[in-house]
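First the structure, in the form of structure tokens, and then the observations on it.
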Amino acid sequence: MTTGTPVAVVTGASSGIGAATARGLARAGHHVILAARRKDRIEALAAELVAAGHRATARVLDVTDRAAVDSFAAGLDRCDVLVNNAGGALGADPVATGDPADWRRMFEVNVIGVLHTTQALLPALTASGDGTVVVLTSTAGHAAYEGGAGYVAAKHGAHVLAETLRLEIVGTPVRVIEIAPGMVKTEEFATTRFHGDAEKAAKVYAGVAEPLTAEDVADTVVWAVTRPPHVNVDLLLLRPRAQASNSKVHREL
Ligand code: 8X3
């Protein structure tokens, strides 16, 4: 294993689960590289972490831009952990009327984005001697639900990418961890899904006592990453207690 401060790249680190994971990994002793499109947000988070005595660097990155991902990877001295968090849902229409542009964008971010960063950083992760790839999928990557098909299809793609990669690189010093959260209430997920419609977004969580928070998921990611290197948490599904399946949610209305 390489000595010195381990470096953890977190994509989509500008908000939600990504930002919380970056905070958690920084607290766990990693130098976190905050990668996201929104410069102001990642710079503010990096400043917050540095002020708290941690190591953090902000790097603007769009994971769907392969050239940008390659030059991002070339600019890193080392990489021990890659958290593929950038992703999201767009639309909640039935298959019959779903917007192909939404489907295409979800596949680009949730699947091709993970492919780009993983391909670009795999050499550095291998060279670290104990590398970890985390793929944040979703319970949508494990079962379908009505109105979810575009996101469900994309997250199934990310799940299969993780599963296949684990098979292909066994015997190398890199493990592949998939974390699949269910209902998580974050600042942006549902609003983005409904193209900015706050009222529709609020309905997602209506009456649900305690949806998961970004911190709950980050906690799980940090736990999995900080297990000894020979321990591979292949797949961890987590949901709030009030959610028994993708479509069975207890609501107090
Ligand atoms: C988020 C979970 O139920 O909105 O990844 O698909 S869900």
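In our numbering, each residue's number is its place in the sequence shown (first place is 1) plus 88. From the three backbone atoms N, C-alpha and C, an ideal C-beta is built for every residue, glycine too.
Query raised in the report: Is the beta carbon of Ser-333 sitting closer than 8 Å to the one on Pro-269?
Result: no
Query - C-alpha distance - Val-262 paired with Leu-341, whole-angstrom precision - result: 46 Å
Requested in this report: List the endpoints of the continuous alpha helix (DSSP H) containing Leu-133.
Outcome: 127-139
Query raised in the report: Counting Cβ pairs closer than 8 Å, one from the stretch 280-287 and one from the stretch 319-333, do we hit at least three?
Result: no
**Report entry** Any heavy atom of ligand 1 within less than 5 Å of residue CB: hits in chain order
**Finding:** Ser-226 and Ala-228
Query raised in the report: With Thr-280 and Gly-201 assumed to form a contact (beta carbons below 8 Å), what rounded beta-carbon distance in angstroms separates them?
Result: Not a contact, Cβ separation roughly 15 Å.
Report task. Kindly indicate which three-state DSSP category Arg-166 falls into: helix, strand or coil? Result -> coil
Query raised in the report: Could you give the distance in angstroms between the alpha-carbon of Ala-96 and the alpha-carbon of Thr-185?
Result: 40 Å
Query raised in the report: Are Ala-312 and Leu-324 close, meaning C-beta to C-beta below 8 Å?
Result: yes
Query raised in the report: Per DSSP, what kind of secondary structure is Ala-123 in: helix, strand or coil?
Result: strand
Query raised in the report: Hey, is the stretch 288-302 in contact with the stretch 188-196, meaning 3+ C-beta pairs nearer than 8 Å?
Result: no
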